[in-house]
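**Student:**
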Amino acid sequence: METTNEQELEHIPTIKERGSNVYKPEDIKRWGVERFLDAVSPKEPFHFGIEFTDEENRRMDEVLEEEKNRK
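Taken in order, the sequence shown gives residues 0 to 70; the numbers are from numbering that gives the first Met the number 0.
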């Protein structure tokens, strides 16, 4: 296992650099999960360009609640 200093020096490639969002579990373990998530997670909220009406949001909340109660 590498030391903390070696983990901090090793570059974690971004999704853009890799061309995909697939990372090997052994790489994530080597980098450390918290450091990995800090490196690849969005720093600010992102928007998909889809906007829902208040009624659509209300209905989605109802469906999610129904699904949660089924379990």
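Where a beta carbon is used, it is the ideal one built from N, C-alpha and C, also for glycine. It should be emphasised that the depicted structure is a prediction, and the values quoted were computed from it without experimental measurement.
In angstroms with no decimal places, state the Cα-to-Cα distance between Glu61 and Glu55.
**Tutor:** Near 10 Å, if we compare the C-alpha coordinates of Glu55 and Glu61.
**Student:** Out of Gly18, Ile14 and Phe35, which has the shortest C-alpha to C-alpha gap to Pro24?
**Tutor:** Ranking the options by Cα distance to Pro24, first place goes to Phe35.
**Student:** Leaving out the 5 sequence neighbours to the left and right, which residues in its chain are closer than 7 Å to Ala38 when beta-carbon positions are compared?
**Tutor:** So the qualifying residues of the chain are Ile11.
**Student:** Along the chain, which unbroken stretches of the alpha helix (DSSP H) at least 4 residues long are found entirely within the stretch 17–66?
**Tutor:** Correct list: 24–30 and 32–39.
**Student:** DSSP three-state call for Ile11: helix, strand or coil?
**Tutor:** Of the three classes helix, strand and coil, the one that applies to Ile11 here is coil, per DSSP.
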